[in-house]
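Protein chains in written order, with the working numbering: chain A, 1 to 161; chain B, 162 to 383. Heads up, the beta-carbon is just placed ideally off N, CA and C, and yes, glycines get one too. All values reported here derive from a predicted model rather than from experimental measurement.
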């Protein structure tokens, strides 16, 4: 028998295709799970609209639901109700351990270049805040590149959305 | 479109917006591998991916109303049916000053357009526009940073000349009061706009290349 709790557990084992240290549940992109007999409805929001991993995420969530004997329906919600603030504390810890600085909290006005150029972002390797923006854009839409002047290495910063 | 409901008046705006984002995304991607330095290679590739992602979401929204799908809207229309503005059609690869001038003008105009769509009565469009705005904030930041950089460089004149040349086409991205807002934001006087009535000669070759796979192998998936 499928239960919402078991679906959440299964989705917590589905890794993000591009940052596999973190699961889709840690990333906070699974918004809701509703179970009605075999039918399992999962509500999900991509981090960025242009995220190339969206279709892979959808397929893997469907596989995870089917493995429990459920019939999946993945609804993609494309609005502003999701933010990187929903990345769980556990997710943030995993990101940091893998060399990704977690996103700064969202502010109503949105981020500014001055903020990104400030020294408020902590290096995930050595903890120093003596870091600077190298590139607003990185290997995927959700990441920026920063440089740590203290331990002298680049790291990736999850963008605030 | 359902049988009774009239087409939403904003459908044309959504399609024009989607076409702008798709074609500009294509043009931006032409810098992949050949930008002036590695950071900009990454940046323009990522911006291109962002614009094409926005085009996809907008096409999906329009497709649900029109009873078709996003790929059909993106690739199965003839060049004359696209509603994109001439500004995004221009092939500016190898002209960095022109590329940054367009980027800055486009992103500024896009900010005006998105801010208006966030207020739409069409809930899905308003929600999508709000999410897009969060992402476009990074594009605007990048464009602003580069505009300031070129203005304070030895290439200042090339940049300003490019802005001057592109300005009528930039104004043509918007209509009505939104044009006034763009004039304020970029500090320029209104001129006669080059709008969406006619395409440039540069759309045809882009369309040929962009739709080649789709036309060669209908229904191809990968």
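**Prompt:** Helix or strand or just coil, what does DSSP make of residue 113 of chain A?
**Reply:** On the first chain, residue 113 of chain A is found 113 positions in, with the first residue counted as 1. In this structure, residue 113 of chain A counts as helix in the three-state DSSP scheme.
**Message:** Could you tell me the alpha carbon to alpha carbon distance between residue 162 of chain B and residue 173 of chain B, rounded to whole angstroms?
**Reply:** Position 1 of the second chain, counting from 1, holds the residue named residue 162 of chain B. Position 12 of the second chain, counting from 1, holds the residue named residue 173 of chain B. Any reading at residue 162 of chain B is ruled out, since the residue's pLDDT is 46, under 50, leaving its predicted position unreliable.
**Prompt:** From which residue to which residue does the beta strand (DSSP E) around residue 43 of chain A run?
**Reply:** The residue you call residue 43 of chain A lines up with position 43 of the first chain. DSSP places residue 43 of chain A inside the beta strand (DSSP E), whose first and last residues are 39–44.
**Item:** Cross-strand partners of residue 286 of chain B (DSSP beta bridge)
**Value:** Mapped onto the second chain, residue 286 of chain B falls at position 125. DSSP output for residue 286 of chain B lists no bridge partner at all.
**Message:** For residue 160 of chain A, count the other beta carbons within 10 Å of its own beta carbon; 16 or more makes it buried, fewer makes it exposed. Which is it?
**Reply:** By one-based count along the first chain, residue 160 of chain A stands at place 160. Its Cβ being crowded by 16 or more others within 10 Å, residue 160 of chain A is buried.
**Prompt:** Is the Cβ of residue 37 of chain A closer than 9 Å to any Cβ of chain B?
**Reply:** Position 37 of the first chain, counted from the start, is the residue given in the question as residue 37 of chain A. No, its Cβ sits nowhere closer than 9 Å to a Cβ of chain B.
**Request:** Just the C-alpha distance for residue 5 of chain A and residue 65 of chain A, rounded to the nearest angstrom, thanks.
**Result:** Mapped onto the first chain, residue 5 of chain A falls at position 5. Mapped onto the first chain, residue 65 of chain A falls at position 65. Residue 5 of chain A and residue 65 of chain A have their C-alpha atoms some 12 Å from each other.
**Request:** Taking residue 84 of chain A as the reference, give the member of B:326, B:284, B:339, B:296 with the closest Cα.
**Result:** For the purposes of this step, residue 84 of chain A is identified with residue 84 of the first chain, where counting begins at 1. Of the candidates B:326, B:284, B:339, B:296, the one whose C-alpha sits nearest the C-alpha of residue 84 of chain A is B:296.
**Request:** Would you mind giving the Cβ-Cβ distance between residue 334 of chain B and residue 243 of chain B, rounded to the nearest angstrom? I have them listed as a contact below 8 Å.
**Result:** Walking along the second chain from the start, residue 334 of chain B turns up at place 173. Walking along the second chain from the start, residue 243 of chain B turns up at place 82. Residue 334 of chain B to residue 243 of chain B, Cβ: 14 Å. No contact.
**Message:** So with CB distances below 8 Å, who are the chain B contacts of residue 134 of chain A?
**Reply:** Counting from one through the first chain, the residue named residue 134 of chain A turns up at place 134. Ordered by position in chain B, the residues that pass the 8 Å Cβ test against residue 134 of chain A are 200.
**Request:** Work out the CA separation of residue 28 of chain A and residue 158 of chain B for me, nearest whole Å.
**Result:** One cannot answer for residue 158 of chain B here, as it falls past the ends of chain B, which runs 162 to 383.
**Message:** I'd like the span of the alpha helix (DSSP H) that includes residue 206 of chain B, first residue to last.
**Reply:** In the second chain, counting from the first residue as 1, residue 206 of chain B sits at position 45. From DSSP, the alpha helix (DSSP H) with residue 206 of chain B extends over 199–227.
**Prompt:** For residue 98 of chain A, which option in A:22, A:58, A:39 has the closest C-alpha, if you only look at C-alpha atoms?
**Reply:** Against the first chain, residue 98 of chain A aligns to sequence position 98. That would be A:22, whose Cα lies nearest to the Cα of residue 98 of chain A.
**Request:** Would you verify that the beta carbon of residue 305 of chain B is, or is not, closer than 9 Å to some beta carbon of chain A?
**Result:** Mapped onto the second chain, residue 305 of chain B falls at position 144. Yes, its Cβ sits closer than 9 Å to a Cβ of chain A.
**Asked** Taking one C-beta from the segment 366–376 of chain B and one from the segment 347–356 of chain B each time, how about it: are there three or more such pairs within less than 8 Å?
**Response** Of all C-beta pairs linking the segment 366–376 of chain B to the segment 347–356 of chain B, fewer than three are shorter than 8 Å, placing the two stretches out of contact.
**Message:** Using the three-state DSSP reduction, which class does residue 147 of chain A fall into: helix, strand or coil?
**Reply:** On the first chain, residue 147 of chain A is found 147 positions in, with the first residue counted as 1. Of the three classes helix, strand and coil, the one that applies to residue 147 of chain A here is strand, per DSSP.
**Asked** Residues of chain A with CB under 9 Å from residue 203 of chain B, in chain order?
**Response** On the second chain, position 42 is the one that residue 203 of chain B refers to. Residues of chain A whose Cβ lies closer than 9 Å to the Cβ of residue 203 of chain B are, in chain order, 135, 137, 138, 139, 145.
**Message:** From the DSSP secondary-structure annotation, give me the bridge partner or partners of residue 101 of chain A.
**Reply:** For this step, residue 101 of chain A is matched to residue 101 along the first chain. Assignment of beta-bridge partners to residue 101 of chain A by DSSP yields A:157.
**Prompt:** By the 10 Å Cβ neighbour count, where 16 or more other Cβ atoms means buried, how is residue 132 of chain A classified, buried or exposed?
**Reply:** Here residue 132 of chain A refers to the residue found at position 132 when the first chain is read from its first residue. It counts as exposed.
**Amino acids of chain B, ordered along the chain, whose beta-carbon sits closer than 8 Å to that of residue 51 of chain A** = Position 51 of the first chain, counted from the start, is the residue given in the question as residue 51 of chain A. The contacting residues are 214.
**Request:** Return the residue from the list A:18, A:46, A:2, A:59 that minimises the CA-CA distance to residue 77 of chain A.
**Result:** By 1-based counting over the first chain, the position of residue 77 of chain A is 77. Nearest C-alpha to residue 77 of chain A: A:46.
**Request:** Let me know the secondary structure DSSP gives residue 166 of chain A once reduced to three states.
**Result:** Lying outside 1 to 161, the shown extent of chain A, residue 166 of chain A is not represented and no answer is given.
**Request:** With 7 Å as the limit, tell me which residues of the segment 334–346 of chain B have their beta carbon closer than that to any beta carbon of chain A; keep them in chain order.
**Result:** Taking 7 Å as the Cβ-Cβ cut-off against chain A, none of the residues of the segment 334–346 of chain B qualify.
**Message:** Starting from residue 133 of chain A, trace the beta strand (DSSP E) in both directions and tell me its first and last residue.
**Reply:** Counted from its first residue, the first chain places residue 133 of chain A at position 133. Element bounds for residue 133 of chain A: 131–135.
**Prompt:** Along the chain, where does the alpha helix (DSSP H) that runs through residue 180 of chain B open and close?
**Reply:** Sequence index remark: in the second chain, residue 180 of chain B carries index 19 (1-based). It spans 172–190 - the alpha helix (DSSP H) in which residue 180 of chain B sits, taken as one unbroken run.
**Message:** I'd like to know whether the C-beta atoms of residue 278 of chain B and residue 359 of chain B end up nearer to each other than 9 Å.
**Reply:** To locate residue 278 of chain B, count along the second chain from 1; it is residue 117. To locate residue 359 of chain B, count along the second chain from 1; it is residue 198. Not a contact, by the Cβ cut-off of 9 Å.
**Message:** Suppose the cutoff is 8 Å on Cβ atoms and the five residues either side in sequence are ignored; what does the same chain contact list for residue 3 of chain A look like?
**Reply:** Against the first chain, residue 3 of chain A aligns to sequence position 3. In the same chain as residue 3 of chain A, and ignoring 5 residues on each side of it, the C-beta atoms closer than 8 Å to its own belong to 35, in chain order.
**Message:** Using a Cβ-Cβ cutoff of less than 6 Å, which residues in the same chain neighbour residue 237 of chain B once the five nearest sequence positions on both sides are dropped?
**Reply:** Taking the second chain and counting its residues from 1, one reaches residue 237 of chain B at position 76. Take residue 237 of chain B, set aside five residues on each side of it, and no residue of its chain has a beta-carbon closer than 6 Å to its own.
**Prompt:** Are the C-beta atoms of residue 44 of chain A and some chain B residue less than 9 Å apart?
**Reply:** As a position in the first chain, residue 44 of chain A is number 44, starting the count at 1. Taking 9 Å as the CB threshold, residue 44 of chain A stays off the interface with chain B.
**Request:** For residue 252 of chain B, name the three-state secondary structure that DSSP assigns.
**Result:** If you number the second chain from 1, residue 252 of chain B lands on position 91. Here residue 252 of chain B carries a coil assignment [DSSP, helix/strand/coil].
**Prompt:** Does DSSP put residue 195 of chain B in a helix, in a strand, or in coil?
**Reply:** As a first step, residue 195 of chain B is located in the second chain; it is residue number 34 there, counting from the start. Correct three-state label for residue 195 of chain B: coil.
**Request:** Show which residues of chain B have a CB atom less than 7 Å away from the CB atom of residue 111 of chain A.
**Result:** Counting from 1 along the first chain, the entry for residue 111 of chain A is found at position 111. Under the 7 Å cutoff, chain B gives 298.
**Asked** If you measure beta-carbon to beta-carbon, which residues of the segment 17–28 of chain A are closer than 7 Å to chain B?
**Response** Per Cβ criterion, the list is empty.
**Prompt:** Is any beta-carbon of chain B found at less than 9 Å from that of residue 83 of chain A?
**Reply:** To locate residue 83 of chain A, count along the first chain from 1; it is residue 83. With respect to chain B, the C-beta atom of residue 83 of chain A has a partner C-beta closer than 9 Å.
**Where residue 80 of chain A meets chain B, residues with beta-carbon distance less than 7 Å** = Taking the first chain and counting its residues from 1, the one referred to as residue 80 of chain A is at position 80. Near residue 80 of chain A (Cβ distances below 7 Å), the residues of chain B are 288, 291, 292, 295.
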